[in-house]
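**Q**
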Amino acid sequence: MTLAIDMLNAGYGGKDVLHDVSLKVDAGETVTLLGANTAGKSSLLRSISGLVPQVRGKINFNGANLIGRPAHTIPELGIAHVPEGRHVFPLMTVYDNLLMGAYTLRRKDGLDARIEAVFALFPRLRERRNQAAGLMSGGEQQMVAIGRALMLEPKLLLLDEPSHGLAPIVVDELHEALLRINATGVSVLLVEQNAQLALSIASRGYVLESGRLVLQGSAAELRANDEVRRAYLGL
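With numbering that gives the first Met the number 0 applied, the sequence shown has no gaps in its numbers, which climb one by one up to 234 at the end.
(1) Are the beta-carbon atoms belonging to V51 and L212 less than 9 Å from one another?
(2) Check whether the Cβ atoms of V206 and V227 sit closer than 9 Å, and answer yes or no.
(3) Between which two residues does the beta strand (DSSP E) carrying G56 extend?
(4) Restricting to Cα atoms, I'd like to know which of D15, D159, F121, V169 is closest to G138.
(5) Look at the Cβ atom of E208, then the Cβ atom of A79, and state whether they are nearer than 9 Å.
(6) Does S48 come out as helix, strand or coil in the three-state DSSP assignment?
(7) Which of the three DSSP states is assigned to Y231 in this structure?
(8) Taking Cβ to Cβ, would you say D111 is nearer than 9 Å to N59?
(9) Output the boundary residues of the alpha helix (DSSP H) element that contains D95.
(10) Given a cut-off of 9 Å on the beta-carbon distance, is the pair K154 and G77 in contact?
(11) Considering only C-alpha positions, which residue in the set T29, A38, D15 is nearest to R55?
(12) Among residues of its own chain, excluding the 5 on either side of R147, which ones have a beta-carbon nearer than 7 Å to its beta-carbon?
(13) When we look at the beta-carbon of Y102 and count the other beta-carbons within 10 Å, is it buried (16 or more) or exposed?
(14) For the alpha helix (DSSP H) that contains N181, what are its first and last residues?
(15) Quick one: measure Cβ to Cβ for L149 and V187, integer angstroms, because I've assumed they're closer than 8 Å.
(16) Count the other CB atoms, across all protein chains shown, that sit within 10 Å of the CB of Y11; report buried if there are 16 or more and exposed otherwise.
Below, the structure is given as C-alpha cells:
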C-alpha cells in the first residue's frame, strides 16, 4: 500500500472542511476523487502535502506518518503535488522550471535523463525549453507543472484539476500522458471536475460531498451509478 488515510478531519481557522475521511491508494494505482466545488477535494490533497494547519486522524505513506510533518519535507518521501492553477515560475524558462522540480534531490546526477523523460512525455516542452513559462498557453503551462513534478521521480503524484480551462484537444493529450505516467508505476491521486476524463484513467474512485465521503467503488461501478451519472457525467 502506498497511501492510507484514516478518519481524517482537517480545516482552517478552527473549522473543519473534511470530516472522517478514509481512503487508500495502492502502489501503481490511479484513484480519482470526484465532487462539486467546495466539497473539500483540494483540502484533502493539501492535507497530504502538509499545507492544512489543523489536521487530525492518520495519513500514512509507505510507513511514514505525515501528520505534523513539515510541508517542505514531504517531497523527500516521494510525493509530488501539482496544485490547481498550475503555478509555474513565469519568468523562468521551461528548462529551469523543470530543474526546480528536482530541488529536494541530494544527488544531481541523472537530471538530464529525467528532463529527457519529461520531453518524451511532452514533446512540445522540448521545442520551447528556452521560452519563459509565463508566455506559454494554459495547456503548455500544465505540461510544465506536471513535468516539474515528475522531475522528483515521485512514488505518488497528487493532481488537482489538471484539465481545468484546457481546450478539448489538450485534454486528450493530457489523458494519454496520465496513462503513460501511471504505466511507469507511479501512483496517482487525481482530483478532477471532468468525471469522464477521471473515470477513463482511474481504476477506482471516491465521491466527496461537503467534506464527507459518500460513495466509493471501481471506475466501472461509479460510471454505472445513477447518482454519479446524473451529478457528474451529465447523463
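Backbone N, C-alpha and C define an ideal beta-carbon position, used for all residues, glycine too.
**A** The answer reads as follows:
(1) Within the sequence shown, numbered from 1, the residue matching residue 51 stands at position 52. Within the sequence shown, numbered from 1, the residue matching residue 212 stands at position 213. The answer is no: Cβ separation not under 9 Å.
(2) If you number the sequence shown from 1, residue 206 lands on position 207. If you number the sequence shown from 1, residue 227 lands on position 228. Taking 9 Å as the Cβ cut-off, V206 and V227 qualify as a contacting pair.
(3) Along the sequence shown, read from residue 1 onward, the residue named residue 56 stands at position 57. Counting along the chain, the beta strand (DSSP E) containing G56 begins and ends at 53 to 60.
(4) Locating residue 138 in the sequence shown gives position 139, where the first residue counts as 1. Out of D15, D159, F121, V169, V169 has the C-alpha closest to the C-alpha of G138.
(5) Translated into positions along the sequence shown, residue 208 becomes position 209. Translated into positions along the sequence shown, residue 79 becomes position 80. Going by C-beta atoms, E208 is not nearer than 9 Å to A79.
(6) Start at 1 with the first residue of the sequence shown, and residue 48 comes out as number 49. Note: S48 maps to coil in three-state DSSP.
(7) By one-based count along the sequence shown, residue 231 stands at place 232. DSSP places Y231 in coil when its eight states are reduced to three.
(8) Along the sequence shown, read from residue 1 onward, the residue named residue 111 stands at position 112. Along the sequence shown, read from residue 1 onward, the residue named residue 59 stands at position 60. For D111 and N59, no; Cβs fall outside 9 Å.
(9) Counting from 1 along the sequence shown, the entry for residue 95 is found at position 96. D95 -> alpha helix (DSSP H) spans 93 to 99.
(10) By one-based count along the sequence shown, residue 154 stands at place 155. By one-based count along the sequence shown, residue 77 stands at place 78. Yes, they are a contact pair.
(11) Here residue 55 refers to the residue found at position 56 when the sequence shown is read from its first residue. Measuring from the Cα of R55, the nearest candidate turns out to be D15.
(12) For this step, residue 147 is matched to residue 148 along the sequence shown. Around R147: N96, L97, M99, G100.
(13) If you number the sequence shown from 1, residue 102 lands on position 103. By the neighbour-count rule (16 or more Cβ atoms within 10 Å), Y102 is not buried but exposed.
(14) Here residue 181 corresponds to residue number 182 of the sequence shown, with the count starting at 1. Per DSSP, N181 belongs to the alpha helix (DSSP H) from 167 to 182.
(15) Counted from its first residue, the sequence shown places residue 149 at position 150. Counted from its first residue, the sequence shown places residue 187 at position 188. Incorrect: roughly 11 Å between the Cβ atoms, too far for contact.
(16) Position 12 of the sequence shown, counted from the start, is the residue given in the question as residue 11. It is exposed - the Cβ of Y11 has fewer than 16 other Cβ atoms within 10 Å.
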